[in-house]
Amino acid sequence: MDYSVVQQCMHCGMCLPTCPTYVETKRERNSPRGRIAWMRAIADGEAEVDKPFADEIYDCLGCLACVTACPAGVDYAQLFEAARADVEEHDAAGPGQRVFWRWLAVKTIFMHPRLLRLVGRGLYAYQASGLQSLVRKSGLLRLLPKRLVDLEPQAPDICKRFSHQLIRPVESPTEMERRLQPMTRTPESEAGSQTHSTDTDSTAKARRSGTPTAKARRSGTHPTAEARRSGTHRTAEAGRSVYRVGLLTGCVQDLAFSDINRDTADVLLHNNCTVVTPAVQPCCGSLHAHNGELELAKKLARQQINLFKPETLDAIISNAGGCGSHLKTYGHLLAEDPAYAERGKEWDRKLKDIHEWLVEIDFTPPTASPGDVEPITYHESCHLCHGQKIRLQPRKILDAIPNLTRVELKESDWCCGSAGIYNITRPETSAKLLDRKLEHIEATGSTTIATSNPGCHLQIQNGLKKSGKKAIVRHPISLLADAYRKTPLHQESTSA
Amino acid sequence: MGTTTESTLIDELRALLAANQLLTDPADIRPYGFDGTAGLKGTAAAVVFPNCTEEVAAIVKLAAKYDTAIVTRGTGTGLSGGCVPSEHSIVICTVEMNRILETDTQNLTMLVEPGVITKEIDEASAAHNLFYPPDPSSMKISTIGGNVANNSGGLRGLKYGVTRDYVMGLEVVTADGTVQWLGGKCVKDVAGYSLRDVFIGSEGTLGLITKILIKLIPRPKAKSTLLATFPSMQQAAETVSSIIAAQIIPCTLEFLDRKTIRCVEDFAKVGLPDCEALLFMETDGHPVVVAEEAEAMEAIARKCGATEVTRAKDDFHAIQLATARRSAFSALARIRPTTILEDATVPRSKLVEMVSFIEATAKKYDLQIATFGHMGDGNLHPTFLTDERDHKEMERVEEAMKAIFDFTIQLGGTITGEHGVGLAKRKFLPTQFDAGSYALLSKIKGSLDPHNRLNPGKIFDLDLRPVDHG
Numbered sequence: 012m013d014y015s016v017v018q019q020c021m022h023c024g025m026c027l028p029t030c031p032t033y034v035e036t037k038r039e040r041n042s043p044r045g046r047i048a049w050m051r052a053i054a055d056g057e058a059e060v061d062k063p064f065a066d067e068i069y070d071c072l073g074c075l076a077c078v079t080a081c082p083a084g085v086d087y088a089q090l091f092e093a094a095r096a097d098v099e100e101h102d103a104a105g106p107g108q109r110v111f112w113r114w115l116a117v118k119t120i121f122m123h124p125r126l127l128r129l130v131g132r133g134l135y136a137y138q139a140s141g142l143q144s145l146v147r148k149s150g151l152l153r154l155l156p157k158r159l160v161d162l163e164p165q166a167p168d169i170c171k172r173f174s175h176q177l178i179r180p181v182e183s184p185t186e187m188e189r190r191l192q193p194m195t196r197t198p199e200s201e202a203g204s205q206t207h208s209t210d211t212d213s214t215a216k217a218r219r220s221g222t223p224t225a226k227a228r229r230s231g232t233h234p235t236a237e238a239r240r241s242g243t244h245r246t247a248e249a250g251r252s253v254y255r256v257g258l259l260t261g262c263v264q265d266l267a268f269s270d271i272n273r274d275t276a277d278v279l280l281h282n283n284c285t286v287v288t289p290a291v292q293p294c295c296g297s298l299h300a301h302n303g304e305l306e307l308a309k310k311l312a313r314q315q316i317n318l319f320k321p322e323t324l325d326a327i328i329s330n331a332g333g334c335g336s337h338l339k340t341y342g343h344l345l346a347e348d349p350a351y352a353e354r355g356k357e358w359d360r361k362l363k364d365i366h367e368w369l370v371e372i373d374f375t376p377p378t379a380s381p382g383d384v385e386p387i388t389y390h391e392s393c394h395l396c397h398g399q400k401i402r403l404q405p406r407k408i409l410d411a412i413p414n415l416t417r418v419e420l421k422e423s424d425w426c427c428g429s430a431g432i433y434n435i436t437r438p439e440t441s442a443k444l445l446d447r448k449l450e451h452i453e454a455t456g457s458t459t460i461a462t463s464n465p466g467c468h469l470q471i472q473n474g475l476k477k478s479g480k481k482a483i484v485r486h487p488i489s490l491l492a493d494a495y496r497k498t499p500l501h502q503e504s505t506s507a
Numbered sequence: 003m004g005t006t007t008e009s010t011l012i013d014e015l016r017a018l019l020a021a022n023q024l025l026t027d028p029a030d031i032r033p034y035g036f037d038g039t040a041g042l043k044g045t046a047a048a049v050v051f052p053n054c055t056e057e058v059a060a061i062v063k064l065a066a067k068y069d070t071a072i073v074t075r076g077t078g079t080g081l082s083g084g085c086v087p088s089e090h091s092i093v094i095c096t097v098e099m100n101r102i103l104e105t106d107t108q109n110l111t112m113l114v115e116p117g118v119i120t121k122e123i124d125e126a127s128a129a130h131n132l133f134y135p136p137d138p139s140s141m142k143i144s145t146i147g148g149n150v151a152n153n154s155g156g157l158r159g160l161k162y163g164v165t166r167d168y169v170m171g172l173e174v175v176t177a178d179g180t181v182q183w184l185g186g187k188c189v190k191d192v193a194g195y196s197l198r199d200v201f202i203g204s205e206g207t208l209g210l211i212t213k214i215l216i217k218l219i220p221r222p223k224a225k226s227t228l229l230a231t232f233p234s235m236q237q238a239a240e241t242v243s244s245i246i247a248a249q250i251i252p253c254t255l256e257f258l259d260r261k262t263i264r265c266v267e268d269f270a271k272v273g274l275p276d277c278e279a280l281l282f283m284e285t286d287g288h289p290v291v292v293a294e295e296a297e298a299m300e301a302i303a304r305k306c307g308a309t310e311v312t313r314a315k316d317d318f319h320a321i322q323l324a325t326a327r328r329s330a331f332s333a334l335a336r337i338r339p340t341t342i343l344e345d346a347t348v349p350r351s352k353l354v355e356m357v358s359f360i361e362a363t364a365k366k367y368d369l370q371i372a373t374f375g376h377m378g379d380g381n382l383h384p385t386f387l388t389d390e391r392d393h394k395e396m397e398r399v400e401e402a403m404k405a406i407f408d409f410t411i412q413l414g415g416t417i418t419g420e421h422g423v424g425l426a427k428r429k430f431l432p433t434q435f436d437a438g439s440y441a442l443l444s445k446i447k448g449s450l451d452p453h454n455r456l457n458p459g460k461i462f463d464l465d466l467r468p469v470d471h472g
């Protein structure tokens, strides 16, 4: 435990009203400053890393709302991970089924991407073959332990095809144009002509420097922005590759929402990015870091860096709030590793959430509506808004889609109870938070809920299904992709 | 109190309350050992969460039976250690008593329980187009009970006064466990001593507040927010003194020095300018008056040397700026590990002198002191940015603090404008009071709580002998 971080907390209490567990119980023990006081007591030798501490640290959602609220700038994310690692190191959480499940999930399945896909494949077969409904009807589930029976309906619907079957390892805007949207080329705009190739001097240099967009902006070679300013924004720019970005396909996202990954790739292609998507990607390690397995998290971080080679890319794109938040901390995670410390920092610098990246490169607004989706509301993934401080960008993207009425969601940044595997480890609290979320969603009268994290997506989707609601959950990027697909390209040119 | 008595008391509490209303496990009660004050902590025997006045009274009676101290606590945001538990005490935490019982739009009053969050009172008032002005910086989590017990101030104190000015009646449980109602809905009431005023600001040493009748006023129709930047703290102080001398009473005249500006901006990112001193000024009321006052204030600021005066773009921006200012104290924790906040207050005509003295003191003792505060009230918050583990430096902090307090009193000021005495400023209190008035404190405490069971050791140490013999 880093004492200086613990000491940073001056227990002013500003975190209390934003902490879902404190608001639920009104007991200080379940609050950020209560948990930090406990950590401090341990650091001071006044308390032990014991079972009650373990329970408390696993009661914390890790939603990081307290980090947003904390004027003193306490790095609670770091404390939380270190505390969970301490708990695991001291074996303080206690024995039981937990050990088996941790071994299976954290140490085995989520360490091996191929194995994970195999499990996904099995689950898909179970769901698609009709076996699932058969089993549900047969009453066979009653033979399973209660926990498993409760979990069965929460398992995500697995996609027929995973990301690598939908996205080729390298796709460039030009190809997309040929493949998806045959169109007539108009002459290149002057502004865009300098940097249309991925390997022009300026972009290559910018890539090495690690701040491609800033550099490009300063030197005035940012095609879209420049074109906008000069009023020469044309379709001619479509199909030009300006950036080379890596796309992270995630674990749950890959199995349950591979279509969102395809949408992300399409949106990137539409915005002049060549998309590099390695077929077999390791887990980002967020699950491990949040569950006290920092060494495994480091191992995965190194694998990820080796696979993506950040030095060859302008940006590495994540479309899952939870993963992104962790992915941006590789520098901190690998700070002690001389071989990776620098690459980790470069990785962090280039790691961008998809919404963040699109706004940064001044994305092309679509001119068509994605279809029957309004009214819409936006639920913020905790690790996107509190972890990554990305709040305005997703709203900006949604608001750029024509004919979409967005209604603000009350407590939009309040945890929905998914919180990684919290809905599995603490089903009761999770259900309370889900009810709170659904109540606010209901009040907006929205038929579509946009959110940018697979955990939230599943949690809210399951909640809506359970309460018989017709509303659907979509990723903002999927809505944008739909809008692009409906945008006739010649129309875009005239409107800009 | 012996261990056996303690465990018998806890058994009786267990019989009285539901399981979730009583905490005794060390892990559960640890976070009730401190409030928002640096370096002060204590360990209670138990923490209880009563739901109603009757339960409070019953707990107080039990504590009396076992001669055990009681420490009342809301959400523990205090800044003087006022609710830090004495050893073996019972902490009565009011957070479950959080109902708004009545809003009387005929008499413009609201009856609330002590655990209601301050901000919720203003929000509930706003629904009727009414206004509850006191706005301590911690209002989004502080409880009204704690505000009354400490007579809390806030950013709008200049024009609207402090918590005391909005309390019309109180229900209190006294040390013997009986329930008393003091005050009422009458605007004028001179029947007997104003007993409710004795309990306001008594920091839990005279009784436990279980209901509060709040006075509300009409919500101001317009508001204008100005930000003025200055090349020196003295010029900002001069602006404040000049505005008051020009007989303008804006609702807010807040001040931040360079260090504070940097920390606040680091946290809130609201675009605060880079300068030596910043004034955050707000006037509210009738639109015509607001416009007039805003213009006059701007002119005075410029005359006093402001480099720039800007207005908030809209309501949202104004709220953003006020919220940023409210984070000042906590945001200062970004610089050094320990943040010790003081609360020296002087007559407004002495502001320039006080500000200069604080600057000089920081230099003299080689310390980092950031200053911000409610300059319009003469209420400054010189904040020591230090490290409690560095004993040498802490000694210098002690000396500097004493020097600042002495000078404050010399200027006709007070050691605490709004945070209360609690534990933190107890030893400085005798310098502000003369022997006679200091003894009066003991007399009042001794007659209301003769066995010194209510928050003992806060504000001052009660000398029990005169009471026992008298």
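Protein chains in written order, with our numbering: chain A, 12 to 507; chain B, 3 to 472.
Beta carbons: idealized from backbone N, C-alpha and C, even for Gly.
Here the structure is a predicted model, which is why all the values come from computation and not from measurement.
Per-residue DSSP class, three states only, for residue i
i                   : result
threonine 347/B     : strand
alanine 372/B       : strand
tyrosine 254/A      : strand
phenylalanine 232/B : strand
alanine 191/B       : Inspection of the sequence shows that residue 191/B is occupied by aspartate rather than by alanine. Reduced to three states, the DSSP call for aspartate 191/B is coil.
leucine 266/A       : helix
Local Cβ density within 10 Å of residue i, reported as buried at 16 or more and exposed below that
i                : result
serine 243/B     : buried
aspartate 493/A  : buried
cysteine 54/B    : exposed
tryptophan 114/A : exposed
isoleucine 446/B : exposed
leucine 413/B    : buried
aspartate 325/A  : buried
Residue i versus residue j - alpha carbon distance
i                  : j                   : result
threonine 96/B     : isoleucine 211/B    : 9 Å
glutamate 450/A    : serine 140/B        : 28 Å
leucine 279/A      : isoleucine 488/A    : 10 Å
threonine 388/B    : phenylalanine 331/B : 14 Å
asparagine 41/A    : leucine 353/B       : 43 Å
histidine 233/A    : alanine 248/B       : Low per-residue confidence applies at histidine 233/A: pLDDT is 43, beneath 50, and the placement is therefore not dependable, though the value from the model is reported in the following sentence. Roughly 54 Å separates the two Cα atoms.
glycine 206/B      : cysteine 85/B       : 8 Å
lysine 443/A       : cysteine 74/A       : 15 Å
glycine 148/B      : glycine 155/B       : 12 Å
phenylalanine 91/A : glycine 296/A       : 15 Å
Any C-beta of chain B under 8 Å from that of residue i
i                : result
arginine 417/A   : no
cysteine 23/A    : yes
histidine 233/A  : Annotation note: pLDDT 43 at histidine 233/A (below 50); position unreliable, no value reported.
tryptophan 425/A : no
Cβ-Cβ distance between residue i and residue j below 8 Å
i                : j                : result
valine 169/B     : isoleucine 119/B : no
isoleucine 120/A : arginine 95/A    : no
isoleucine 342/B : glycine 24/A     : no
arginine 166/B   : proline 135/B    : no
proline 222/B    : aspartate 137/B  : no
aspartate 510/B  : threonine 74/B   : Absent from the model: residue 510/B. The displayed extent of chain B is 3 to 472, so no value can be given.
isoleucine 5/A   : tryptophan 358/A : Absent from the structure is residue 5/A, since the part of chain A shown begins at 12 and ends at 507.
Proximal residues of chain E, C-beta to C-beta of residue i below 7 Å
i              : result
glutamine 18/A : Absent from the structure: chain E. Protein chains present are A and B.
CB contact below 8 Å: residue i versus chain A
i                   : result
aspartate 259/B     : no
arginine 336/B      : yes
phenylalanine 282/B : no
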